[in-house]
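**Student:**
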Amino acid sequence: MIDRAVLFDAIRFWETGRLGYNGVLALVLLIVASLGDAWEAIGRSFGLVIGLGVMANALYCFAYPIDLIAQATPARAFWRRWRWVAWCIGTGIAALLAFAVTFGVGAPF
Numbered sequence: 622m623i624d625r626a627v628l629f630d631a632i633r634f635w636e637t638g639r640l641g642y643n644g645v646l647a648l649v650l651l652i653v654a655s656l657g658d659a660w661e662a663i664g665r666s667f668g669l670v671i672g673l674g675v676m677a678n679a680l681y682c683f684a685y686p687i688d689l690i691a692q693a694t695p696a697r698a699f700w701r702r703w704r705w706v707a708w709c710i711g712t713g714i715a716a717l718l719a720f721a722v723t724f725g726v727g728a729p730f
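For the numbering used here, count along the sequence shown from 1 and bump the result up by 621.
(1) In chain order, which continuous runs of the alpha helix (DSSP H) of length 4 or greater are located wholly inside the stretch 641 to 708?
(2) Looking only at C-alpha atoms, which of Ile632, Phe634, Arg633 and Asn643 sits nearest to Thr712?
(3) Quick check: the stretch 700 to 716 against the stretch 632 to 643, are at least 3 beta-carbon pairs closer than 8 angstroms?
(4) Buried or exposed: where does Leu650 fall if 16 or more other Cβ atoms within 10 Å of its Cβ makes it buried?
(5) Give the straight-line distance between the Cα atoms of Ile690 and Gly641, rounded to the nearest whole angstrom.
(6) Are the CB atoms of Leu673 and Thr723 within a distance shorter than 9 angstroms?
(7) Since Gly688 contacts Arg704 with CB under 8 angstroms, what's their CB separation in whole angstroms?
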């Protein structure tokens, strides 16, 4: 059974982080869209962009089981102190993937 305090701690951390995660992905979209006339291509593929955003947020949820497992170990204090590094790595990977996909959808080149 998962301790409620642990669960609420994970929710508080990851849902607060989701705001930054979505902000980074939106920034990637804006950067790619600002290259030339990419706004038109992205507008034509708007449904795809929304679908990819939903998929990115669904993949973000994989952090929860990892966090809950890590908090169930004796390394809980270490994990809680350093899980922001996992957030940064995951957000960086997501940003690179978002750049690649968005650049492929709306690149002017």
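Idealized CB from N, CA, C, for every residue including glycine.
Bear in mind that the values here come from a model prediction, so they are computed numbers and not experimental data.
**Tutor:** This is what the structure holds:
(1) Correct list: 659 to 665, 667 to 681 and 684 to 692.
(2) Counted from its first residue, the sequence shown places residue 712 at position 91. Cα-wise, what sits closest to Thr712 is Asn643.
(3) yes
(4) Residue numbering aside, residue 650 sits at position 29 when the sequence shown is read from its first letter. When all chains shown are included, Leu650 counts as buried.
(5) One-based indexing of the sequence shown puts residue 690 at position 69. One-based indexing of the sequence shown puts residue 641 at position 20. The alpha-carbon atoms of Ile690 and Gly641 are separated by roughly 23 angstroms.
(6) Taking the sequence shown and counting its residues from 1, the one referred to as residue 723 is at position 102. Taking the sequence shown and counting its residues from 1, the one referred to as residue 673 is at position 52. Yes. Within cutoff.
(7) As a position in the sequence shown, residue 688 is number 67, starting the count at 1. As a position in the sequence shown, residue 704 is number 83, starting the count at 1. It should be pointed out that residue 688 corresponds to Asp in this sequence rather than to Gly. With 8 angstroms as the limit, Asp688 and Arg704 qualify as a contact, their Cβ atoms being about 7 angstroms apart.
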